[in-house]
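Enquirer:
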Amino acid sequence: MGDLLESIRNGLPLLLEQVLNGLQLGFVYALIALGYTMVYSIIKLINFAHGDIFMVGAFLGVFGFTYWHLPWPAAILVAMAGCALLGVLIERIAYRPLRAKGAPRIAALITAIGVSLFIEYFSSLKFVFGPNYRVVERPFGDFRWSLGGVGISSIQLLVIAVVLGLLLALQYVVYRTRIGKAMRAVAFDMDAARLMGIDVDKVIAYTFAIGSALAAAAGVLYALAYPQIHPFMGIMPGLKAFTAAVLGGIGNIPGAVLGALIMGQVEVMTAAYISSEFRDAIAFSLLILVLLVRPAGLLGKAGPEKV
Amino acid sequence: MKRGMAAVLVLGLGVLAGCGNAPGGTGGGDEKVVRIGLIAPLTGDVKTFGESTKNAFELALEQAGYKAGDFTIQHFIQDDRNDPTEAMNIATKLITEQKVHALVGSVSSKATISVSDVANQSRVVHITGTATNIAVTVDEKGNRKPFVFRACFTDPFQGQVAAKFALETLGARTAAVLYDKGNDYSVGLAESFRQHFEAGGGEVVAWEAYALTDTDFSAILTKVADAKPDLLYLPDYYQKVSLIGKQARAKGITATMMGGDGWDSSELDFATMAGGYFTNHYSPEDTRPEVQQFVTDYQAKYGSVPDALAVLAYDATNILLEGIRRANSNDPDQIRQAIQNLKEFKAVSGQISFDENGNPVKPAAILQVQGDKTTKFIASVNP
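Residue numbers (the numbering used here), protein chains in the order written: chain A, 1 to 307; chain B, 1001 to 1383.
Written as C-alpha cells, this is what we have:
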C-alpha cells in the first residue's frame, strides 16, 4: 500500500507534465479548428485548404524572424496578415464564383481539395518555399522552470499565452463588434441576413480572413514548438484540427476549442502511457465513438444556432 | 557504334589469324578475358548515388590497368533508374547477351535484391557496394545466395557497433531508444542496439516507437527525461533526428545523442546535434593510407571529395578484382570461392573478411557532429 502511494506521488509530476504537453498540442489544434468551424458555420464548407494556410503561416513566420530579422511577435503578426490576405484571395478566386453560380456543395468541397493540393505542390517548387525540410532556429532561448517537480518550458508558456490571448480577441470580435454580429446573423440565416441589408460576401471574406489569421498564428507556434517546416506539414495537423472541430460540434466555437483540447490530451496520453504508435488510432476512434453517441458533436446542437 | 564495328573487325581478324596470336595460346575466341557489368541508377531519384558509384567503378578498373591476374577486363555500364524491374531486365541482358562473369551494383536495396536473384540463379558473381538489406545475400527462406556479396555492413551491424562504442568508449550504462516503427532500417538498428547494449551490461530505460508522420515527441521525451538516460539512440534519417534532437534539448535532456549513417547529410541540424556521434561507412579524415590514397586519386580524377557511396563501390569493385586475381580465372564459381576466402583484404572502408552470408566483417567509422557543420572522425570500431 505504501508502495502504491509512493508510486502515485512519484508519478503525479510526470502526469502533470504530460497534461502540459497535451495542452500545448491542443491549444495549437484549437487555433486551426476555429477556422474550420467558423467557415463551416457560415457557408457550410469544409475548407480543406485550411491546413495549408497553416503551413504558409508557419513559413511566413519563420522567414520573418530568420531572414527578415523581425522580432518574433512581429513575425507572428506578419504571418497572420499575410495569411488573412491569402484566405480572402482563395475565397474570392475559388469559392465565391461557385457560390454565385449556385454550384452544389460537393463542387465547393472538391474545389477546396484542389486548392489544398495546389498550395502544397506550388509551395514545393524551388522558387517558392522549396521541397526540403527546414530546421527552425528559435528566436529565443529554451528556458525551463520546475514547479514542484513539474517541468514547464518557455515554449509551452508562449503557446498557452498566445492562444489564450487570441481566443479572448476572437470572443470580443464575435460578440462585441458589428462584423461579429453580422457573422452571427449570416450563420443563423444567410438569406434573412441578406434581406436585412448585410453584405454577405463581405462577411464571408472577413470570416476567411479571421480564420486564416488564426491558422497562421497556429502555424508559427507549431513551428516554434516542433521546430521543422516543410510544404506538407499542414496535412496532419489540419486533419486533426478538423477532427477536433467535428468532435466538439462543427460550427460551434467553444466546441472547437473543447474538441481540440481533448484531441491534444488523448494523443499525448496515448503516447505517454500506451504507445506513440497508437496515438492517431485512438484519437480517431474517440471521434467515431463520440459521434455514435452524439452525432452533432459534444457541444453541437441540431438546431441552427451556430457560431 | 564505331567502336562496336572496330571490335567486330578486330575479333574477325583474330579469328582469321587463328589462335597463334592469342597470348598464352590456350585457344578459342574466349581467350583470357573477364567481363564485368556495372548496374547503377544513372538517372532518376538517386542519380547522384549512381554517378558516385560509376566514377568509383571506373577509377578502380583504370587503376588496375583493366587487368586482373592474367585476364583482361571488359566492362559494361548500364542504368537501372533505381527501378527493380529495370534492374532485373538489365541484369538478364548483361548475363545472356554480354555474357558477363560478374556484376557490380546496384545502389539501393530494392534494385539490388532483384539483380541478386538473377545473378545467383545464373551462377554469376554479384557484389554490391551499398545495399544494406539482409535480403540481398539471403533468400526468403534464409538460405545464402552463394554468388552474392556486399561491401557495406548491414543494418543490424551498425546497432551492434553503436552499442559497443556507447558502452566502452562513452561509458554509458543506460540508454533510451526512439525509432520509427514503419521503417525497416530504423527498426533494424534499434533492435540490434538494444540486444547488444543489454548483452554488454547496459540497460535500455526507455524504448519508444513512433510513426513517420509524428512531429510532436513531447510525450515520449517527457518519459525519456524522467528516465535520465546516459545516451539517447536515434536510428533514423537526418530530418527526423534533427526534429527529435531539438525537442529533446528543450525538454532538458542532456544525454549524448547517437545514431547511424542516416545522419550523414549536410541538412542535419548541426547546431542541435553537435557533440552527438553516428556510425558510418568511412570518414575522409581517416589517416589510413588506403583512405588517403583513394581520396587523393578520386579528387584528382573527378574534382570532388568521394562520398560513402563512391568508397563502397570502389571497395566492391576491388574485392571482385582481387577475387579474380586470386582465382586467376574467369570462372564465376572459382571467383566466388576466392572472394569468400578473402582474409583482411585492405579496402578503403576497412580490412574486409566475409561471413557465411557474404557480409563483410569490418570496422565501422564513428563520427562526431560538430557545431560548424562538419563531422570529426573519432574512431574505427571493430565488431
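We put the CB at the ideal spot given by N, CA and C, even for glycine.
Since this is a predicted model, take the numbers as computed values, not measurements.
1) By DSSP, does Y1210 (chain B) sit in helix, in strand, or in coil?
2) Just confirm the distance between the C-beta atoms of L1151 (chain B) and L1342 (chain B), as a whole number of angstroms; I'd bet it's less than 8 Å.
3) Just grab the DSSP bridge partners of A1347 (chain B) for me.
4) I42 (chain A) to L292 (chain A), Cα distance in whole Å?
5) Using DSSP with H/G/I as helix, E/B as strand and the rest coil, what is A1176 (chain B)?
6) Based on DSSP bridge pairs, tell me the residues matched to E1203 (chain B).
7) Counting only beta-carbon separations shorter than 8 Å, does Y29 (chain A) have a partner in chain B?
8) So which residues of chain B does A223 (chain A) contact, with C-beta pairs closer than 8 Å?
9) Could you tell me whether any Cβ in chain B is nearer than 8 Å to the Cβ of S275 (chain A)?
10) Is the shortest distance between the beta-carbon of A1211 (chain B) and the beta-carbons of chain A less than 8 Å?
11) Going straight from the alpha carbon of A1248 (chain B) to that of K1054 (chain B), what length do you get?
12) Quick check on the DSSP output: the beta strand (DSSP E) that includes K1376 (chain B) runs from which residue to which?
13) Taking only beta-carbon atoms, is D52 (chain A) less than 8 Å away from chain B?
14) Any C-beta of chain A sitting closer than 8 Å to the C-beta of I1378 (chain B)?
15) Using the C-alpha atoms, what's the distance from Q265 (chain A) back to V19 (chain A)?
16) Between the segment 1211-1227 of chain B and chain A, which residues of the former have CB atoms less than 7 Å from a CB of the latter, in chain order?
17) Using DSSP with H/G/I as helix, E/B as strand and the rest coil, what is V1046 (chain B)?
18) For L1189 (chain B) and L1170 (chain B), I'd like the C-alpha separation in whole angstroms.
19) Going by Cα to Cα distance, which pick from B:G1350, B:D1331, B:V1361, B:A1364 is closest to F1071 (chain B)?
20) Rounded to a whole number of angstroms, what is the C-alpha to C-alpha distance between L992 (chain B) and S276 (chain A)?
21) What does a CB cutoff of less than 6 Å around F143 (chain A) pick up in its chain, not counting 5 residues either side in sequence?
22) Can you tell me where the alpha helix (DSSP H) with W72 (chain A) in it begins and where it stops?
23) May I have the straight-line CA-CA distance separating Y133 (chain A) from K1240 (chain B), to the nearest angstrom?
24) Measure the CB-CB distance between M1258 (chain B) and G1245 (chain B) and report whether it falls below 8 Å.
25) V1243 (chain B) CB to nearest chain A CB: under 8 Å?
26) Can you list the alpha helix (DSSP H) stretches of 4 or more residues lying completely in the segment 1034-1092 of chain B, in chain order?
27) For the candidate residues A:A216, A:M263, A:V257, A:I262, whose alpha-carbon lies nearest to that of F54 (chain A)?
28) Rounded to the nearest angstrom, how far is the Cβ of A1219 (chain B) from that of A272 (chain A), given a contact under 8 Å?
29) Going by DSSP, what residue range makes up the alpha helix (DSSP H) through R105 (chain A)?
30) Is the segment 256-263 of chain A touching the segment 1254-1274 of chain B, taking contact as three or more C-beta pairs under 8 Å?
31) Comparing C-alpha positions only, which one of B:G1323, B:S1114, B:K1067, B:Q1370 sits nearest to A1131 (chain B)?
32) For a cutoff of 8 Å on Cβ pairs, would you count G211 (chain A) as touching chain B?
33) Extract the residue ranges of the beta strand (DSSP E) inside the segment 1091-1141 of chain B, only unbroken runs of 3 or more that lie entirely within it.
34) Just the Cα atoms here: how many angstroms apart are L1059 (chain B) and S1122 (chain B)?
35) Between the segment 1032-1048 of chain B and the segment 1264-1283 of chain B, are three or more C-beta pairs nearer than 8 Å?
36) Where DSSP assigns a beta bridge to N1143 (chain B), which residues make up the other side?
Expert: Looking at the coordinates:
1) If you number the second sequence from 1, residue 1210 (chain B) lands on position 210. Of the three classes helix, strand and coil, the one that applies to Y1210 (chain B) here is strand, per DSSP.
2) In the second sequence, residue 1151 (chain B) corresponds to position 151, counting from 1. In the second sequence, residue 1342 (chain B) corresponds to position 342, counting from 1. According to the sequence as given, residue 1151 (chain B) is Ala; it is not Leu. Taking 8 Å as the upper bound for CB-CB distance, A1151 (chain B) and L1342 (chain B) are not in contact here, some 11 Å apart.
3) Looking up residue 1347 (chain B) in the second sequence gives position 347. Beta bridge pairing from DSSP links A1347 (chain B) with B:G1350.
4) Sequence index remark: in the first sequence, residue 42 (chain A) carries index 42 (1-based). Sequence index remark: in the first sequence, residue 292 (chain A) carries index 292 (1-based). The C-alpha of I42 (chain A) lies about 25 Å from the C-alpha of L292 (chain A).
5) On the second sequence, position 176 is the one that residue 1176 (chain B) refers to. Shown here, A1176 (chain B) sits in a strand according to DSSP, grouped into three states.
6) Taking the second sequence and counting its residues from 1, one reaches residue 1203 (chain B) at position 203. Within the DSSP secondary-structure output, E1203 (chain B) pairs in a beta bridge with B:T1174.
7) As a first step, residue 29 (chain A) must be located in the first sequence, where it is residue number 29. No, Y29 (chain A) lies away from the interface with chain B (no Cβ there is under 8 Å from its Cβ).
8) Working through the first sequence from its first residue, we reach residue 223 (chain A) at position 223. Within chain B, no residue has its beta carbon less than 8 Å from that of A223 (chain A); the closest one is some 10 Å off.
9) In the first sequence, counting from the first residue as 1, residue 275 (chain A) sits at position 275. Chain B contact via Cβ: present.
10) As a working mapping, residue 1211 (chain B) is identified with position 211 in the second sequence. For A1211 (chain B), the closest Cβ of chain A is nearer than 8 Å.
11) As a working mapping, residue 1248 (chain B) is identified with position 248 in the second sequence. As a working mapping, residue 1054 (chain B) is identified with position 54 in the second sequence. A straight line joining the alpha-carbon of A1248 (chain B) with that of K1054 (chain B) spans about 40 Å.
12) Residue 1376 (chain B) sits at position 376 when you count from the first residue of the second sequence. Note, K1376 (chain B): beta strand (DSSP E), 1375-1381.
13) If you number the first sequence from 1, residue 52 (chain A) lands on position 52. With 8 Å as the cut-off, D52 (chain A) does not count as an interface residue toward chain B.
14) Counted from its first residue, the second sequence places residue 1378 (chain B) at position 378. Not closer than 8 Å to any Cβ of chain A, the Cβ of I1378 (chain B) fails to qualify, so no.
15) Position 19 of the first sequence holds residue 19 (chain A). Position 265 of the first sequence holds residue 265 (chain A). So the alpha carbons of these two residues sit roughly 7 Å apart.
16) Residues passing the 7 Å Cβ filter: A1211, T1213, D1214, T1215, D1216, S1218, A1219, I1220, T1222, K1223, D1226.
17) Counted from its first residue, the second sequence places residue 1046 (chain B) at position 46. DSSP places V1046 (chain B) in coil when its eight states are reduced to three.
18) Your numbering for residue 1189 (chain B) matches position 189 in the second sequence. Your numbering for residue 1170 (chain B) matches position 170 in the second sequence. Whole-angstrom Cα-Cα distance: 19 Å.
19) Numbered from 1 along the second sequence, position 71 holds the residue referred to as residue 1071 (chain B). The shortest C-alpha separation from F1071 (chain B) is found at B:D1331.
20) Any answer about residue 992 (chain B) is impossible in this case: the structure gives chain B only from 1001 up to 1383.
21) In the first sequence, counting from the first residue as 1, residue 143 (chain A) sits at position 143. Hits under 6 Å: S154.
22) Within the first sequence, the letter at position 72 stands for residue 72 (chain A). Taken as a continuous stretch (DSSP letters only), the alpha helix (DSSP H) holding W72 (chain A) covers 72-90.
23) Numbered from 1 along the first sequence, position 133 holds the residue referred to as residue 133 (chain A). Numbered from 1 along the second sequence, position 240 holds the residue referred to as residue 1240 (chain B). The straight-line gap from Cα to Cα measures roughly 10 Å.
24) Counting from one through the second sequence, the residue named residue 1258 (chain B) turns up at place 258. Counting from one through the second sequence, the residue named residue 1245 (chain B) turns up at place 245. It is not a contact, given that the beta carbons lie outside the stated cut-off.
25) Along the second sequence, one-based indexing puts residue 1243 (chain B) at 243. What sits at residue 1243 (chain B) in the sequence shown is Leu, not Val. With a threshold of 8 Å between beta carbons, L1243 (chain B) makes contact with chain A.
26) As far as the segment 1034-1092 of chain B is concerned, its whole alpha helix (DSSP H) runs of at least 4 residues are 1047-1063.
27) Residue mapping note: residue 54 (chain A) aligns to position 54 of the first sequence, counting from 1. Answer by Cα proximity: A:A216.
28) Position 219 of the second sequence, counted from the start, is the residue given in the question as residue 1219 (chain B). Position 272 of the first sequence, counted from the start, is the residue given in the question as residue 272 (chain A). The C-beta separation of A1219 (chain B) from A272 (chain A) comes to about 4 Å, placing the pair in contact by the 8 Å criterion.
29) Counting from 1 along the first sequence, the entry for residue 105 (chain A) is found at position 105. For R105 (chain A), the uninterrupted alpha helix (DSSP H) segment begins and ends at 105-123.
30) These segments do not touch.
31) Along the second sequence, one-based indexing puts residue 1131 (chain B) at 131. That would be B:S1114, whose Cα lies nearest to the Cα of A1131 (chain B).
32) Taking the first residue of the first sequence as position 1, residue 211 (chain A) is located at position 211. Among the residues facing chain B, G211 (chain A) is not included, as its CB has no counterpart in that chain under 8 Å away.
33) Runs found: 1102-1105, 1125-1128.
34) Position 59 of the second sequence, counted from the first residue, corresponds to residue 1059 (chain B). Position 122 of the second sequence, counted from the first residue, corresponds to residue 1122 (chain B). The alpha-carbon atoms of L1059 (chain B) and S1122 (chain B) are separated by roughly 28 Å.
35) In short, these stretches do not touch, since the Cβ pair count stays below three.
36) Along the second sequence, read from residue 1 onward, the residue named residue 1143 (chain B) stands at position 143. Per the DSSP secondary-structure output, N1143 (chain B) pairs with nothing in a beta bridge.
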